[in-house]
Structure formats: structure tokens, C-alpha cells
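Peer 1: To start, I am sharing the structure in question, which I have written as C-alpha cells.
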Amino acid sequence: MIRKKLIAGNWKMNCLSKDGTALAQAIATEVKANKFNCDFLICPPFTLLGLIKKCLRGSKIALGSQDVHFAEKGAHTGDISPLMLTDLGCGYAIIGHSERRVDHFESNELVCKKAVAAHNAGLNTVICIGESEKEREAGETIKVCQSQIEGSVPNDATAKNTVIAYEPIWAIGTGKTPTSADVQEVHAAIRKALAKKLGTAVANRMRILYGGSVKPNNAAELLSLPDVDGALIGGASLKADDFINIAKNVCK
Ligand code: PEP
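Just so we're aligned, residue 1 is where the sequence shown starts under my numbering, counting upward by one.
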């Protein structure tokens with residue numbers, strides 16, 4: 001069973017043209033110079049997608065958005081459709097990040113609807129799930145993740161068009177991470193939930209990323225776990241050296 005690791009950067013609401021260009025160019029140069037045995041994805045803010053696409057040319061780094069609307073076009077002020085993203089050269093869209101679930105009240109149902117629309121337009125999706133601190137303390141982590149998989153992942157999901165990102169909310173941007181044993185336990189449970197929904201063959205091939213304070217010094221351990229197939233990286237993806245050092249520690 002081969003699941004090629006995916007190293008994905010989520011720039012969130014950071015970078016203007018100048019620093020975004022410098023960051024993307026520095027990452028692209030390193031990725032071209034090293035023969036990493038993994039896939040790469042960079043998700044800048046919407047405003048930089050066109051510019052960063054040019055910086056990544058010839059680098060084999062995929063470009064993704066941080067969200068997408070479910071409609072093809074129409075009266076949705078401020079939103080971006082899947083076709084607008086493919087038109088810009090995006091191959092991926094992150095969907096259901098906890099910052100959207102919390103700040104924009106996005107439900108599992110909405111996340112699922114967005115994923116279907118993205119897939120129909122030819123985009124791959126990174127569907128994010130993960131428990132809050134309160135849920136973890138109440139011992140509900142696995143139950144929460146199972147129900148997010150059930151509600152957010154569409155029935156048309158395949159190992160090719162869908163990547164799952166498990167991101168405990170309390171670990172995002174905090175410097176805290178679960179123990180390796182905890183991460184493996186949750187990832188194995190997520191794969192089991194995927195098997196229930198999509199069948200074992202699809203579940204065994206689908207990549208499940210870990211996200212939440214991944215840094216160069218903890219990436220090797222986290223990404224060596226049997227059910228961890230890459231990382232979704234926030235803060236450390238904003239420093240070219242950190243992002244590349246994560247790849248160097250994981251994808252040699
Ligand atoms: C994220 O928000 O997707 C994330 C994992 O952030 P950080 O790496 O900064 O914790």
C-alpha cells in the first residue's frame with residue numbers, strides 16, 4: 001500500500017505580493033534542487049493565487065485555495081467558485097478548516113456541499129476535521145472525528161480527489177501537539193470511519209494529514225506514524241527554511 005506523503009502549507013491570511021513571491025520562490029527553488037519523495041501543496045490567500053501560480057511554474061508544487069463556494073457562479077458577494085479556482089490554476093481547495101467552521105459557522109453539511117462542487121469542477125479537496133479542547137477533555141475526540149468524517153466527506157470522495165487533514169483545534173498555532181500515540185490512534189480511527197463510508201480499498205489509499213503545530217523538530221516523529229500521510233502546516237509554512245526543513249526531515 002503506497003500513500004505518497006503530502007506536505008501542505010496553509011498561509012492563512014498572511015503575505016502581500018512581495019513577501020508571498022519571495023516565500024514561494026524560495027520554496028520552489030529548494031523543491032527543485034532536492035529530490036524529495038513527497039508531494040507539495042501551497043495554499044496562499046485568494047489574492048495571491050495568480051501570482052504564486054507563476055512562482056511555482058515548473059516546480060511540481062500544487063496550488064490550492066483555503067476555501068471555495070459550492071455554487072458555480074451567481075449572487076454570492078465576496079465568494080469564489082470552484083471554476084474560478086481551476087481557472088487560476090488551482091489543483092486543490094482546503095475545505096472545512098476549523099477557523100472557517102468556528103469563525104464562519106460552517107457545518108459538516110456545508111463542507112460536504114463545497115467538497116462535491118469542488119470535485120465536480122476537477123479540484124482535489126483537503127477536508128479538515130478535528131476536536132476542540134473541550135471535546136478532547138471530555139474524551140470525545142474519536143466520536144467527533146467519526147461524525148465529521150460521516151458528515152463532511154462526500155460519497156463521491158476517492159483517494160485521488162480527497163485528502164483528510166486531522167487538526168486538533170487546540171494544537172493549531174499553540175505549539176502544543178498530541179502525543180504520537182494519540183495521533184496514531186485518531187488517524188487509525190479516521191481511516192476506519194473512511195472505510196465504513198467509502199469502502200476499505202478507498203480508505204487504505206486515502207491520505208490523512210496531521211495538522212497542528214508541525215515544526216521541523218517534531219515532523220519526523222509525527223509523520224513516521226503508520227496512518228499519518230503528510231502534514232498541513234500553518235505557521236511553519238510561512239518560513240521557507242522551516243517548510244523545507246520539515247520536508248528534509250520527512251521526505252528524504
Ligand atoms: C493550520 O491552521 O492548518 C495549522 C496546522 O496551523 P499551525 O501549523 O500554525 O498550527
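All C-beta atoms in this analysis are idealised placements derived from N, C-alpha and C, irrespective of residue type, glycine included.
1) Taking the alpha-carbon positions, what's the proline 154 to lysine 248 distance?
2) Please look up how many angstroms separate the CB atoms of leucine 163 and valine 228, rounded, as I've assumed it's under 8 Å.
3) Since valine 202 contacts lysine 5 with CB under 8 Å, what's their CB separation in whole angstroms?
4) Here's the rule I'm using: 16 or more other beta-carbon atoms within 10 Å means buried, otherwise exposed. How should leucine 232 be labelled?
5) Helix, strand or coil for glycine 230 per DSSP?
6) Of the residues Pro168, Gly78, Cys15 and Leu194, which one's Cα is nearest the Cα of alanine 159?
7) The beta strand (DSSP E) spanning threonine 125 covers which residue range?
8) I need the boundaries of the beta strand (DSSP E) containing cysteine 43, first residue and last residue.
9) Beta-carbon within less than 6 Å of serine 59's beta-carbon, same chain only, minus the 5 sequence neighbours each way: which residues are those?
10) Using 10 angstroms around the beta-carbon of threonine 177, count the other beta-carbons present and answer buried if the total reaches 16, otherwise exposed.
11) Between which two residues does the alpha helix (DSSP H) containing arginine 101 stretch?
12) Say yes only if the C-beta of alanine 93 is nearer than 7 Å to one or more non-hydrogen atoms of the ligand PEP, and no if none qualify.
13) Which of the three DSSP states, helix, strand or coil, is assigned to asparagine 245?
14) Whole angstroms are fine: how far does the CA of leucine 110 sit from the CA of serine 152?
15) Roughly how many angstroms lie between the CA atoms of isoleucine 190 and alanine 171, to the nearest whole one?
16) Can you confirm whether the stretch 48 to 62 touches the stretch 96 to 112 when touching is taken to mean that 3 or more C-beta pairs between the two stretches lie within less than 8 Å?
17) Applying the criterion that 16 or more other CB atoms from any shown protein chain within 10 Å of the CB defines a buried residue, is leucine 223 buried or exposed?
18) Hey, how far is the Cα of glutamine 146 from the Cα of isoleucine 7?
19) Grouping DSSP H, G and I as helix and E and B as strand, with all else coil, what is isoleucine 52?
20) What number of angstroms, rounded off, separates the C-alpha of glutamate 221 from the C-alpha of phenylalanine 46?
21) Nearest-angstrom Cα distance between glycine 96 and serine 180?
22) Buried or exposed: which applies to alanine 138, given that a residue is buried once 16 or more other Cβ atoms fall within 10 Å of its Cβ?
23) Between the alpha carbons of isoleucine 244 and lysine 192, how many angstroms are there, rounded?
Peer 2: With the structure as the only source:
1) In the sequence shown, the residue the question calls residue 154 occupies position 154. In the sequence shown, the residue the question calls residue 248 occupies position 248. One C-alpha to the other measures close to 34 Å.
2) Translated into the one-based positions of the sequence shown, residue 163 becomes position 163. Translated into the one-based positions of the sequence shown, residue 228 becomes position 228. Contrary to the premise, residue 163 reads as valine rather than leucine in this sequence. Going by Cβ atoms, the distance from valine 163 to valine 228 rounds to 12 Å, so no, they are not a contact pair.
3) Counting from one through the sequence shown, the residue named residue 202 turns up at place 202. Counting from one through the sequence shown, the residue named residue 5 turns up at place 5. Not a contact, Cβ separation roughly 18 Å.
4) Translated into positions along the sequence shown, residue 232 becomes position 232. Looking at its Cβ environment, which holds 16 or more other Cβ atoms inside 10 Å, leucine 232 is buried.
5) Walking along the sequence shown from the start, residue 230 turns up at place 230. Strand at glycine 230.
6) Start at 1 with the first residue of the sequence shown, and residue 159 comes out as number 159. Nearest of Pro168, Gly78, Cys15 and Leu194 to alanine 159, Cα basis: Leu194.
7) The count along the sequence shown starts at 1 and reaches residue 125 at position 125. Threonine 125 -> beta strand (DSSP E) spans 124 to 129.
8) Looking up residue 43 in the sequence shown gives position 43. Run containing cysteine 43: 39 to 43, per the beta strand (DSSP E) assignment.
9) As a working mapping, residue 59 is identified with position 59 in the sequence shown. Same-chain partners within the cutoff: Ala28, Val31 and Lys32.
10) Here residue 177 is taken as the residue at index 177 of the sequence shown, counted from 1. By the neighbour-count rule (16 or more Cβ atoms within 10 Å), threonine 177 is buried.
11) Counting from one through the sequence shown, the residue named residue 101 turns up at place 101. Segment 98 to 103, the alpha helix (DSSP H) holding arginine 101.
12) On the sequence shown, position 93 is the one that residue 93 refers to. False, no ligand heavy atom lies under 7 Å from that Cβ.
13) Counting from one through the sequence shown, the residue named residue 245 turns up at place 245. Three-state DSSP puts asparagine 245 in a helix.
14) To locate residue 152, count along the sequence shown from 1; it is residue 152. To locate residue 110, count along the sequence shown from 1; it is residue 110. In a straight line, the C-alpha of serine 152 is about 8 Å away from that of leucine 110.
15) As a working note, residue 190 is residue 190 in the sequence shown. As a working note, residue 171 is residue 171 in the sequence shown. Each residue's Cα considered, the two are about 18 Å apart.
16) no
17) Within the sequence shown, numbered from 1, the residue matching residue 223 stands at position 223. Counting Cβ neighbours within 10 Å, leucine 223 comes out buried, since at least 16 surround it.
18) For the purposes of this step, residue 146 is taken as residue 146 along the sequence shown, with counting starting at 1. For the purposes of this step, residue 7 is taken as residue 7 along the sequence shown, with counting starting at 1. Whole-angstrom Cα-Cα distance: 24 Å.
19) Locating residue 52 in the sequence shown gives position 52, counting from the first residue. Three-state result, isoleucine 52: helix.
20) The residue labelled residue 221 in the question sits at position 221 within the sequence shown. The residue labelled residue 46 in the question sits at position 46 within the sequence shown. Cα to Cα, glutamate 221 sits roughly 32 Å from phenylalanine 46.
21) To locate residue 96, count along the sequence shown from 1; it is residue 96. To locate residue 180, count along the sequence shown from 1; it is residue 180. Roughly 24 Å separates the two Cα atoms.
22) Mapped onto the sequence shown, residue 138 falls at position 138. The residue in question, alanine 138, is exposed, as its Cβ has fewer than 16 Cβ neighbours within 10 Å.
23) Taking the first residue of the sequence shown as position 1, residue 244 is located at position 244. Taking the first residue of the sequence shown as position 1, residue 192 is located at position 192. Roughly 31 Å between the two C-alpha positions.
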